[in-house]
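Going by my numbering, the sequence shown opens with residue 596, and the numbers climb by one from there.
All residues carry an ideal CB built from backbone N, CA and C; glycine is no exception.
Single-structure report; data block below.
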Amino acid sequence: MATKRNATAPAPSRRRPAAPIAPENLNPYEFALRQFGRAADFLKLDAGTREVLSQPKRQLIVSIPIKLDSKKIRVFTGYRVQHSIARGPSKGGIRFHPGVTLDEVKALAMWMTWKCAVVNIPFGGAKGGITVDSKKLSMDENERLTRRYTSEIAIVLGHDRDIPAPDVYTTPQHMAWIMDTFSMTQGYSTLGVVTGKPISLGGSAGRNEATAEGCFVAIDEAAKRMRLPLKGTTAAVQGYGNAGSHVARFLEEAGVKVVAVSDSNGGIFDKKGLRMELVNAAKKERGSVTATRGEKITNAELLELPVDILVPAALEGVITRENAPRVKARIVAEAANGPTTPDADDILRSNGAVVIPDILANAGGVTVSYFEWVQDLYSFFWDPEVVRSHLERTIRRAYEDVAETARRHDTDLRTGALILAVGRVEETTRIRGLFP
Ligand code: NAD
596 MATKRNATAP APSRRRPAAP IAPENLNPYE FALRQFGRAA DFLKLDAGTR EVLSQPKRQL
656 IVSIPIKLDS KKIRVFTGYR VQHSIARGPS KGGIRFHPGV TLDEVKALAM WMTWKCAVVN
716 IPFGGAKGGI TVDSKKLSMD ENERLTRRYT SEIAIVLGHD RDIPAPDVYT TPQHMAWIMD
776 TFSMTQGYST LGVVTGKPIS LGGSAGRNEA TAEGCFVAID EAAKRMRLPL KGTTAAVQGY
836 GNAGSHVARF LEEAGVKVVA VSDSNGGIFD KKGLRMELVN AAKKERGSVT ATRGEKITNA
896 ELLELPVDIL VPAALEGVIT RENAPRVKAR IVAEAANGPT TPDADDILRS NGAVVIPDIL
956 ANAGGVTVSY FEWVQDLYSF FWDPEVVRSH LERTIRRAYE DVAETARRHD TDLRTGALIL
1016 AVGRVEETTR IRGLFP
């Protein structure tokens, strides 16, 4: 059972800045644009190219009426945004969350474009989402919602056009419904229209843990370069879903003491280190990691723990100008998309933390999604070891490319990753030329 915080729990810092901190713009699209602007400055992009690359190519907003189990009808709003198709079909997850907005989806789509370019796979970026608290819907209602949303956005989907994948609160089962619904509209089965599917339906070995595996490899690269042996270090993971739970497991397997994890209900802390086996059991049986034995902490407190490695693996905008001065981790590995605001980024860097940016740290997911798409198109499926070794090689090479770009421009890893990615997308865009 979880206990209330007591004297042994990490006390949140009592230090407060003397003057109140001006409110920060937490609109993710605004900070995606600021990040892009920094890279564009380094690359000396002209105004026209900046405008092209900062706008999404297509934005689709759909109404999704579904019949609830009570027979009442409710209408939800859904989005699909394609940021770029310069380097190939657009690719990006689908999020079900009450906080989904068009600007959030636009930001996530733009980050997908840069992410695919960082790992050098032939995709552009897209994202989709529905503004819904899907945890309050039954399984049947989730299925009707997913199927109707898929039919509404089917006009822009296709294995050679736009390929969704899982994101927050969507699972391989949701991907199976998308694949089936899209196939029904075509009259034949199209495996490659969506990735993150169950293995029995053309999914790839290793896709489920791919985001976390890539994140772990990136942490390993960062630690090596800092001459920090992972064994014996400490870590905290915010968000215990697909990305976070597997990162925590990989860290534990590498001898890292994972002292805190959290989910939407809050966090749990044990300075001796949590056992992921027990956290998984608590999550499965009691619905939350907070049912694990340990001391309860808040999600905000977790971010400020005195750990070596911090893994934000939930939502964007959690490390801000306000709390960044109190973040003590030496490595911040962004398993989530957009967890750090640009102002917070500057503060973390000036405090000496290494931030592994989202477009590198969580690129393992889209990398294995690419492998899944290739396997679906060839109808030839790889062994788990083949997937794993291709993934590891891709992330280590991308890390080196990013670190080298950052070194060359005397900047941080995020700006290095963006310079690399924006440069690649700009090159393709320029060579293709402007139609008509
Ligand atoms: P998920 O639905 O599997 O898990 C989300 C987790 O976050 C859950 O444990 C949930 O309880 C927790 N959570 C929700 N709100 C929270 C809050 N306010 N504070 C703390 N925890 C909260 O989602 P996921 O697929 O693991 O995605 C998590 C992050 O990783 C997102 O930013 C997503 O875009 C990113 N990401 C996911 C993938 C992927 O392949 N699934 C790939 C790349 C990036």
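Enumerate in chain order the residues of its own chain whose CB-to-CB distance from residue i is below 7 Å, with the five nearest sequence positions on each side excluded.
{"i": "L897", "result": "A831, Q833, A855, S857, G862"}
{"i": "F1030", "result": "none"}
{"i": "I1014", "result": "A634, F637, L638, T1000, H1004"}
{"i": "D815", "result": "L825"}
{"i": "I680", "result": "K652, G719"}
{"i": "P693", "result": "T726, V727, D728"}
{"i": "F845", "result": "A807, E808, F811"}
{"i": "T989", "result": "V714, T962"}
{"i": "I954", "result": "W706, W709, K710, V713, A1012, A1016"}
Ordered along the chain, which non-local residues of its own chain (more than five positions away) have a Cβ less than 6 Å from that of residue i?
{"i": "H769", "result": "T741"}
{"i": "A817", "result": "I926, V949, I951"}
{"i": "E699", "result": "P623"}
{"i": "A939", "result": "I914, T915, R916, A919"}
{"i": "F671", "result": "I659, I725, V727"}
{"i": "G797", "result": "L786, D971"}
{"i": "K866", "result": "V854"}
{"i": "L905", "result": "A831, A924, V927"}
{"i": "V676", "result": "P651, Q654, V700, K701, A704, K722"}
{"i": "R1019", "result": "A712"}
{"i": "P605", "result": "Residue placement at P605 is poorly supported in this model, since its pLDDT is 47, which falls under 50; the coordinates still yield a value, given next. Same-chain partners within the cutoff: L900."}
Any idea what DSSP makes of residue i, helix, strand or coil?
{"i": "F976", "result": "coil"}
{"i": "T696", "result": "coil"}
{"i": "F1030", "result": "coil"}
{"i": "Y764", "result": "coil"}
{"i": "L740", "result": "helix"}
{"i": "Q833", "result": "strand"}
{"i": "A1046", "result": "Lying outside 596 to 1031, the shown extent of the chain, residue 1046 is not represented and no answer is given."}
{"i": "A547", "result": "No statement about residue 547 is possible, as the shown extent of the chain runs from 596 to 1031 and does not include it."}
{"i": "E917", "result": "coil"}
{"i": "A721", "result": "strand"}
{"i": "S679", "result": "coil"}
{"i": "Y994", "result": "helix"}
{"i": "V788", "result": "helix"}
{"i": "S799", "result": "coil"}
Which residues bound the beta strand (DSSP E) around residue i?
{"i": "Y624", "result": "Not the beta strand (DSSP E): Y624 falls in the alpha helix (DSSP H), residues 623-638."}
{"i": "F811", "result": "No beta strand (DSSP E) holds F811; the alpha helix (DSSP H) holding it covers 805-820."}
{"i": "R881", "result": "Unbroken run through R881 is the alpha helix (DSSP H), 871-881; no beta strand (DSSP E)."}
{"i": "G858", "result": "Sequence check: residue 858 is Asp here, not Gly. Run containing D858: 852-858, per the beta strand (DSSP E) assignment."}
{"i": "I794", "result": "I794 -> no beta strand (DSSP E), and no H or E assigned at all."}
{"i": "E890", "result": "889-892"}
{"i": "I656", "result": "653-662"}
How far does the alpha helix (DSSP H) with residue i in it reach, from first residue to last?
{"i": "I1026", "result": "1008-1027"}
{"i": "F845", "result": "837-848"}
{"i": "R643", "result": "Reading off the sequence shown, one finds Gly at residue 643, where the question assumed Arg. 642-649 is the extent of the alpha helix (DSSP H) around G643."}
{"i": "I750", "result": "Neither: I750 is in no alpha helix (DSSP H) and is coded neither H nor E."}
If you drop the 5 nearest sequence neighbours on each side, which residues of the same chain put their C-beta closer than 8 Å to that of residue i?
{"i": "S733", "result": "D664"}
{"i": "D1007", "result": "D940, R944, V950, A1001"}
{"i": "E1021", "result": "L638, L640, T644, L648"}
Please look up how many angstroms separate the CB atoms of residue i and residue j, rounded, as I've assumed it's under 8 Å.
{"i": "W709", "j": "A1016", "result": "4 Å"}
{"i": "T936", "j": "F626", "result": "5 Å"}
{"i": "A760", "j": "S964", "result": "5 Å"}
{"i": "L697", "j": "Y674", "result": "6 Å"}
{"i": "W772", "j": "E738", "result": "6 Å"}
{"i": "R743", "j": "I661", "result": "6 Å"}
{"i": "K871", "j": "A843", "result": "Residue identity differs from the one stated: residue 871 is Met in this sequence, not Lys. Yes, M871 and A843 are in contact; Cβ-Cβ is about 5 Å, under 8 Å."}
Quick check: is any heavy atom of the ligand NAP less than 8 Å from the C-beta of residue i?
{"i": "D762", "result": "Because the ligand NAP does not appear in the structure shown, any question about it cannot be addressed here, the ligands present being the ligand NAD."}
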